Structure formats: structure tokens, C-alpha cells
Amino acid sequence: MFSRSLQLKFVFPVSAIVTLTTLLLVIVISARTRNNIEQSAHDKMQEQLSSMQYVLDVTDTLMMERVKGAMKLLMERGQYLGPAQQGEKVTVSGRRVPDLLLGGQAQANNFELVDQVASSQGGGATLFSKVDNEFVRISTNVQVEGKRVIGTILDPNGMPITAIRKGESFYGQVDILGNPYLTGYEPILDNQKQTVGIWYAGYKVDMQALQTSIAASRVLKGGFVALLDDKGNVRFQSKSVPPATAKSVADGNLHGWVVKRKSFTPWGFTMIAAYPEDEVRAEVKNEIIQVATIGLALSGVLMGLVFWLSRSLVVAPLGHAVSVARKIAAGDLSLPPSSTSRNDEIGDLARSLNNMQTSLRQMIGNIAGNAQRISTLSSSLSTSAEDVAAQSEQQSNAAASAAAAIEELATSIGHVSDKARESFTLAQDAGDKARLGGVVVEKASAEMHDIADSVSQSSERIVLLGEHSARISAIVGVIKSIADQTNLLALNAAIEAARAGEHGRGFAVVADEVRQLSERTAISTVEITTMIGSIQSGTEHAVETMRQGQDRANAGVEMASEAGRAVRQISGCSEQVVDAVNSISAALDQQNAANQEIALNVANMATMSGKNTFAVQQVAQASRELQESSNSLQATVDLFKL
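Quick note: the sequence shown, position 91, residue 91 per UniProt numbering, numbers continuous.
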């Protein structure tokens, strides 16, 4: 069980690590394989397209030089004949067109010039005549099925006619009757610089070598290369795929292909190279299968090796160690020592087991001797404990009797202490009330002093008010004298105004008003004098009353002071009584506390005696149990084989 469990715990993680490593390697190798295959295919496509473009570049360069040479010869010989102009309309292959005259010589249906150029340079030479907005072939050496191609028009949508209509020349690839030609077109101008026709020279492109090269080319196993003309038709393609497949891939109608395109601008051709993605996936799959097979085989070998090593180097020695440990656990300490020759953890474990066995053998021997001694000592201890228990019980009974007597004494002292505390409370209340009466008397005395001071101040102010009233009376007398004089002056002024007649009438009115005002002032001063007299009489009466009140207040202050001194003496006596009662109460409290402490100590002594008795009894019981345990321990030790 141990071997299988440890092997599984060891082999499973190793197997998982190996499997994950193999899976990771498969993923990495598959990714690199795919990248390598795709890069190889990309390089192959680039190589094929570059090779194809090189052939087209060389062909275009060489043949365009021939075209330009043939064009130069055609134009020189035509211009040698004379200036160009249009003549009368003639019939060319059933089409009525204006004749083209060179130096007056008709060129329609005349093939001498074009045949001379063709015999000298090869290729094709043609003359076009302008008809309205079209150009018709009127002379050519190009033949189809043995007949010269005349009476046909130049492609109205092609690049050559577009350039000619602008008065420009055109050199490039043109599809003629389904075949690619490298051609040159130059406008034929009359004396007015008007275009009356076209010079043409061209050569059919010989693409047999390119066709052979493309047919033998391929990308990977199922890929291909192809050449498309300016109309999008497949001119040439690899033999590795059917034409329909190449056309569909070129048109973008077939998915699952990696396509690379490259344009050949001089001709308007397009070169393509393509390969199927399924082929890449298949190669990657094959590579993954191979790598996975090798990885799984290596993993199996590695796991078998790990299993064998773990069993021989770890599991078997550990199994032996487990067997030894089980026998030791069963009490068999007589086993021979295990081999300790290994210098690793297994060797350390074997040495530790040997040391443990030796130590246990010594410990069990010591335990057996100690168990025998414990049994003897526990028997003696049990006897002594029983004697101590009997003596402790007697001591506990005596302590209980003393505790009861002390408790009765404490109860009596407690009653006396309660009465003393009650007397202390009453004396303290009397002292508090005496102190409160002293405070009230002192406050009343202070208030009487304040009243006497206030009465004295009021008396002084009233006397001062009488003096001010006298001054006001004198001032009123002056005002009355002024009013009388003003009245006399106003009377004199009225008399003088009457003497003045009409001129003094206004002044008489003013004098009359002044006289009336002085009369009212005199009347008011009489009233003020009367009122001030009344105020002075009342002031003198108030001053006399204030003096009498001040005398009474001073007498009250003296009496309040005497009452305060008496209350303070009462308060002092009350405090002495409180202190005496407090001392008695404190002494009784201390005596009561001491008695209670003595009673508590005696009670504790009785309790402790009881506990000691119980503890000694427990010790005796424990001694008996210890003796039984030592006997049991001795029996257990006897089970070991030393």
C-alpha cells in the first residue's frame, strides 16, 4: 500500500510534467513548422514571380528595340516617297475609305512598302487611313489564313487609338487576333499637321520559352504560377492545377488559397503565384504527428525509467523502513540494525530508526526500574496521607468552633458601631445647620451694612438736590426780573410805535408780541418758583427721614454681628461634638473590621483545614491509583522485547 501510494504520488507529477513538456514542444514545433512552410512558400512564390518578370523584361526590351527599328525604317521609306495626304475614296475589302497618298502614290491595296519593310526587318507593317473618327487598315503584310488583313478598323477602345487621337505615338503590347504583339503606332501627318493615317510596326511575342517555364513551375506541391493578359485571361499556367482552378483563383472566386500578385506594367499583364492553405495544414499535421509520436515514445521510456528508479532507490528502502517502524510500534525492540551505508535521505532515515530503536530500548529499561520504585513509594505515601487526613479533620473542627465564637463577638460590636454611626449622623446634621445659620446671619449682617451705606448715599444725594433747587430758584428770580424789564421795554416800544403812526404799525405788532411773551415768561417763573419751593420742602423732610433710617440700620448691623458671633460659637461646639462622635465611630469600625478579619481568617483556617483534609484524602486516593498505574506500567513494559 505504501509503495503503490508513494510511487503514484511521485510518478503522476513526473508524467504530467513530461506530458505538458511534450505538448508544449508539439505546439512550438508545429508553429515553427507552419512558419517555415509558409516562409518557404512565400520565398518560392517570390522567386517564381521574379523569374517570370525577368523573362518579360528581357523580352520587352529586345522586341521593343526591333519594333522601333522597323518603325524607323517604315517611316523613312514612306517619307522618302513624298508628303502624305488623303486621296479619293477607294474600296478596300468592301469598305469605302479615303486613299492614303505618299508623294502622290496611292497606298490602298498597295503592299510594296509594307512588304519591303517586312522582308528587311521581319514582323508586321501596316498603313491605316483615317475615316471620320476611325482608322482602317488599307495596306499590311499581316495575313490570316493566307489573306491580308485589310479593311478592318483599329480597336476604337484600345490604348493606341487614344494616343493617336491626342497626336501622340504609342509603343507597347497589343492583343491582335488573340495573340500578344509588341507594337508601335505613329501618326501620319499631312502638310497642315493633320493626322490622315497611322504608321504601324509590330512583332508577335514569342512566349514559348516562358510558357514552358511556367508550365513546369509550381509552389509547394499543389500550388501554381500563372500569367494573365491585360484582359484578365490566363495566358499560361502551371500544369499542377486545371485551367478552371487557376482561373477561379486568379478571379478570387476560390477561397482557401494564398495568392501573391505582381504586375508587369509595360504590357498590362499580371503574374500570380498561389498555393492551397490545406496543403500547409496537412504538412503541419504530419509534422505534429511525427513529433507527437516521438515525444510520446520518449515520454513512455522516461516514465518507465522514473518508475524503475523510484522503486529501486526510494520505494523499496522506504518499505523496509516502514516494516521496521511497524515492528517497533508493536513493541519488538530486538530487531537487528538496518543497513546505513547510503549517504542520502534514505540512509539518514535508516540511521534514525536504529538510533530510535536503541533509545527506546534504554528508555523502556529505565521506565521499568522507575515503575517498580514508584510502586513502593506510592504505598508508603498512601499510609502517610491517611494519618495526615485524620489530624487535619480534628484541626478543622477546632477552627470551626473558634470561628463561631468570634462571629458572635463581631455581631455585638456591629450593633454598637451602628449606634455610634447614628449619633455621628445627628451631630453632623446639627453642625451643618449651625454652620448654615452662621452663614445666613453673616449674609444678613452684610445686607444691613449695604442698606446703611445706601441710605447714607441717598441722604447725601437728596441734600445735594436741595442745594441745586436753591440755585434754580435764584436763576428763576433773575429770569422773572428780565421778563419784567422786557415787558416795560415792550410797553415803551408800543407807545413810540403809536406816535410814529402808520410807519410804526409793524413795529407796534412786534412790540405787542414781545410784551405778551414777557408776561407768559413771568407767569411761568412764578409757577417754577412755587414748584421749587415744594421740592425743597420735600427734600428737607426726606433728608430727615433718611437720617433716622440710617440710625436704625446701624443698630440692626450691630445686632446682626452679635448674632453671627453667637452662631459661630454654636457651630464650633457642634464640630467638636461631631469630631468626638466620629472618633468613637471610627474606633468601633476598626474594632469591627478587626473582628471580622479575625473571624474571616478563622473561617478560612477552618475551610483550609477542611480542604487539607480533602486534599490529603485525595493524595491517599492518588497514591493508591499511582500504585495501580505503576503496576499497569510494569505490565506494559513487560510487553516489550529488549
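Note that beta-carbon positions come from the ideal geometry of N, C-alpha and C, so glycine has one too. In this text, all values refer to a predicted model and were calculated from it rather than measured experimentally.
Report task. For residue 636, I'd like the list of residues in its chain whose CB is within less than 8 Å of its CB, leaving aside the five on either flank, ordered along the chain. Result -> So no residue of the chain qualifies.
Report task. Pick helix, strand or coil for residue 190, following the three-state DSSP scheme. Result -> In this structure, residue 190 counts as coil in the three-state DSSP scheme.
Query raised in the report: Just to confirm, are residue 695 and residue 555 a CB contact at a threshold of 9 Å?
Result: Because the chain is modelled from 1 through 642, residue 695 falls outside the range shown and cannot be assessed.
Query raised in the report: If you draw a straight line from the alpha carbon of residue 128 to that of residue 259, how long is it in whole angstroms?
Result: The straight-line gap from Cα to Cα measures roughly 42 Å.
Query - Per-residue DSSP class, three states only, for residue 600 - result: If DSSP states are grouped into helix, strand and coil, residue 600 belongs with the helices.
Requested in this report: Report all residues from its chain with a CB closer than 8 Å to the CB of residue 288; omit the five preceding and five following residues, and keep chain order.
Outcome: Within the same chain, Cβ atoms closer than 8 Å to the Cβ of residue 288 are found at 26, 29, 30 and 33, the five residues on either side in sequence being excluded.
Query raised in the report: Between the Cα of residue 280 and the Cα atoms of 141, 446, 296 and 256, which residue gives the shortest distance?
Result: Taking residue 280 as reference, the option from 141, 446, 296 and 256 with the minimal CA-CA separation is 256.
Query raised in the report: How many angstroms separate the CA atom of residue 516 from the CA atom of residue 526?
Result: Rounded to whole angstroms, residue 516 to residue 526 spans 16 Å at the Cα level.
Query raised in the report: Going straight from the alpha carbon of residue 415 to that of residue 421, what length do you get?
Result: Near 10 Å, if we compare the C-alpha coordinates of residue 421 and residue 415.
Query raised in the report: Alpha carbon to alpha carbon, how far is residue 61 from residue 219?
Result: Residue 61 and residue 219: Cα-Cα distance of roughly 28 Å.
Query raised in the report: According to DSSP, which residues form a beta bridge with residue 234?
Result: In the DSSP output, where bridge partners are listed per residue, residue 234 has 228.
Query - Pairwise C-alpha distance: residue 104 and residue 82 - result: Each residue's Cα considered, the two are about 7 Å apart.
Requested in this report: Compare the Cα-Cα distances from residue 182 to each of 535, 559, 64 and 22 and report the closest residue.
Outcome: Looking only at 535, 559, 64 and 22, the smallest Cα-Cα distance to residue 182 is reached by 64.
Report task. Would you mind reading off the limits of the beta strand (DSSP E) that contains residue 134? Result -> 134-140 is the extent of the beta strand (DSSP E) around residue 134.
Query raised in the report: Alpha carbon to alpha carbon, what distance is there between residue 276 and residue 54?
Result: Taking the straight line from one Cα to the other gives about 26 Å.
Report task. Using only alpha-carbon positions, find the residue among 157, 632 and 251 that is nearest to residue 274. Result -> Among 157, 632 and 251, the Cα nearest to that of residue 274 belongs to 251.
**Report entry** residue 161, enclosing alpha helix (DSSP H) - first and last residue
**Finding:** Counting along the chain, the alpha helix (DSSP H) containing residue 161 begins and ends at 159-165.
Report task. Quick one: give me the first and last residue of the beta strand (DSSP E) that residue 129 is part of. Result -> Residue range 124-131 is occupied by the beta strand (DSSP E) that includes residue 129.
Query - Cβ distance (whole Å) where residue 269 is taken to contact residue 230 below 8 Å - result: In this structure residue 269 is in contact with residue 230, their Cβ atoms being roughly 6 Å apart against a cut-off of 8 Å.
Query raised in the report: Closest Cβ-Cβ distance between residue 127 and chain B: below 9 Å?
Result: Considering every chain present, this structure includes no chain B. It has just one protein chain.
Query raised in the report: Roughly how many angstroms lie between the CA atoms of residue 304 and residue 21, to the nearest whole one?
Result: Near 17 Å, if we compare the C-alpha coordinates of residue 21 and residue 304.
Query raised in the report: For the candidate residues 198, 196 and 202, whose alpha-carbon lies nearest to that of residue 175?
Result: Its Cα nearest to that of residue 175, the residue 202 stands out among 198, 196 and 202.
Query raised in the report: Pairing CB atoms from the stretch 113-122 with CB atoms from the stretch 65-85, are three or more of them under 8 Å?
Result: Taking 8 Å as the limit for Cβ pairs, the verdict is that the stretch 65-85 does touch the stretch 113-122.
Query raised in the report: Given a threshold of 16 other Cβ atoms within 10 Å of its Cβ, counted over all protein chains shown, does residue 583 qualify as buried or as exposed?
Result: Exposed, because fewer than 16 other Cβ atoms sit within 10 Å of the Cβ of residue 583.
Requested in this report: Quick one: using the 10 Å Cβ neighbour count with 16 as the cut-off for buried, is residue 91 buried or exposed?
Outcome: Exposed, since its Cβ has fewer than 16 Cβ neighbours within 10 Å.
**Report entry** residue 135 classed as buried or exposed, judged by whether at least 16 other C-beta atoms fall within 10 angstroms
**Finding:** Result: buried.
Query raised in the report: Hey, residue 84 and residue 188 are a contact pair by Cβ (cut 8 Å); roughly how many whole angstroms apart?
Result: At roughly 5 Å, the Cβ-Cβ gap stays under 8 Å, so residue 84 and residue 188 are in contact.
Report task. Spatial neighbours of residue 486 within its chain, please: CB distance less than 6 Å, with the 5 preceding and 5 following residues excluded, ordered by chain position. Result -> Around residue 486: 518.
Query raised in the report: In this structure, what does DSSP give as the bridge partners for residue 12?
Result: Partner(s): none; residue 12 has no beta bridge.
Query raised in the report: In the DSSP assignment, what residue or residues form a beta bridge with residue 97?
Result: 90, per the DSSP bridge assignment.
Requested in this report: Can you check DSSP and say which residues form a bridge with residue 362?
Outcome: In the DSSP output, where bridge partners are listed per residue, residue 362 has none listed.
Query raised in the report: Between the C-alpha atoms of residue 113 and residue 73, what's the straight-line distance to the nearest angstrom?
Result: Rounded to whole angstroms, residue 113 and residue 73 show a C-alpha spacing of 10 Å.
Report task. Could you check if residue 308 is buried or exposed, using at least 16 other CB atoms within 10 Å of its CB as the buried criterion? Result -> Counting the other CB atoms within 10 Å of its CB gives residue 308 a total below 16, which places it among the exposed residues.
Query - Burial state of residue 58 (16 or more Cβ within 10 Å) - result: Exposed.
**Report entry** Run of the alpha helix (DSSP H) containing residue 176, from where it starts to where it stops
**Finding:** Unbroken run through residue 176 is the beta strand (DSSP E), 170-176; no alpha helix (DSSP H).
Query - residue 325 versus residue 331: straight-line alpha-carbon distance, rounded - result: A straight-line Cα-Cα distance of about 10 Å links residue 325 and residue 331.
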